[in-house]
Amino acid sequence: LRSDSLLRFIAFGAVWQFAANCFGAFYPVFLFKELNFSAFEVGILATVSSLGGALSMPAWGRLVDRHGSRPVMAFSLIAWQLQNFLWCFLEPHSRPLVYALCAWGGLASVGAIASAGFVLGQFVMLLRLIPVEAKGLAIGLNLAVTSLLAAIAPVLGGYALAWALNRW
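Count along the sequence shown from 1, add 3, and you get the number used in the numbering used here.
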C-alpha cells in the first residue's frame with residue numbers, strides 16, 4: 004500500500020476492467036439476436052479470438068522487450084478500440100467481417116491479437132511495479148480489485164441497456 008505507482012496502476016486496471024466489461028458481455032447477445040449466429044458459430048468466434056491472442060503473444064513480447072510496455076499498450080489499445088467502431092456497421096450478410104473483427108479485437112472479454120498486446124503490456128508493467136517483498140500480496144490485491152469491478156460491470160451495463168432500450 005506504500006507504493007503509489009502500484010496503487011495508481013491497480014486503479015487504472017480496475018477502471019479499464021469495468022469499462023471493458025460493462026457492455027462486452029452483450030456481444031454474443033448481439034450476434035444471436037441481430038446477426039442470427041448459432042451457439043456453435045459464437046463458440047467458433049470465441050475460439051478464433053483466443054487463438055489470435057495466443058498466436059500473437061510472442062510478437063507482442065518482442066515488441067514489449069524492444070519498445071517497453073507503455074508504447075505497446077498505447078498502440079494495441081488504439082488498434083483494438085478502432086476496430087470496435089466497425090461493429091456499428093455489421094449486418095447479417097457481413098459474417099466474414101465478424102470473424103476478422105473477433106480475430107483482431109476479440110469477442111467480449113475473450114482475448115485476440117490487439118487485446119493481447121494490451122494485456123501483456125499490463126502484466127509486464129505490473130511485474131515491474133510490484134515491490135519485491137510483497138509480490139504475492141500485490142498480485143492478489145490487483146486481481147481482487149480488478150476482478151470485482153469486472154464482475155460488477157456487466158450487471159450495471161445490463162441495467163443501462165435495459166433502461167435505454169425501454170426508452171428508445
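For each residue, glycine too, the CB sits at the ideal point set by N, CA and C.
Quick one: residues in its chain with C-beta nearer than 8 Å to the C-beta of Ser79, no 5 flanking neighbours on either side, listed in chain order? Trp63, Ala117, Ser118, Ala119, Gly120, Phe121 and Gly124
Mind checking Leu168: buried by the 16 CB within 10 Å criterion, or exposed? exposed
Please classify Ala55 as buried or exposed, where buried requires at least 16 neighbouring CB atoms within 10 angstroms. Before going further, note that residue 55 is Gly rather than Ala in the sequence given. Flag for Gly55 reads buried.
Can you find a CB in chain E that lies within less than 8 Å of the CB of Leu104? Although the question refers to chain E, the structure presented lacks it and comprises just one protein chain.
Alpha carbon to alpha carbon, how far is Ile155 from Gly27? Give it in angstroms, no decimals. 12 Å
Determine the direct distance from the alpha carbon of Trp166 to that of Arg73, and round the result to whole angstroms. 37 Å
Following the continuous alpha helix (DSSP H) through Cys105, name the residue where it begins and the one where it ends. Arg98 to Gly108
Three-pair Cβ contact test at 8 Å for the stretch 85-105 versus the stretch 125-142: no
Leaving out five residues before and five after Ala3 in sequence, what residues of the same chain have Cβ atoms less than 7 Å from its Cβ? Nothing about residue 3 can be read from this structure; the chain reaches only from 4 to 171.
Can you tell me whether Ser6 is helix, strand or coil according to DSSP? coil
Near Asn39, what residues of its chain come up, given a Cβ to Cβ distance below 6 Å and the 5 sequence neighbours on each side ignored? Pro95
Could you compute how far the alpha carbon of Met60 sits from the alpha carbon of Phe126? 12 Å
Pairwise C-alpha distance: Arg131 and Phe12: 11 Å
Are the Cβ atoms of Gln20 and Leu164 separated by less than 8 Å? no
From Phe29 to Val45, what does the alpha carbon distance come to, in whole angstroms? 12 Å
What is the rounded straight-line gap between the Cα of Asp68 and the Cα of Met128? 12 Å
For Ser150, name the three-state secondary structure that DSSP assigns. helix
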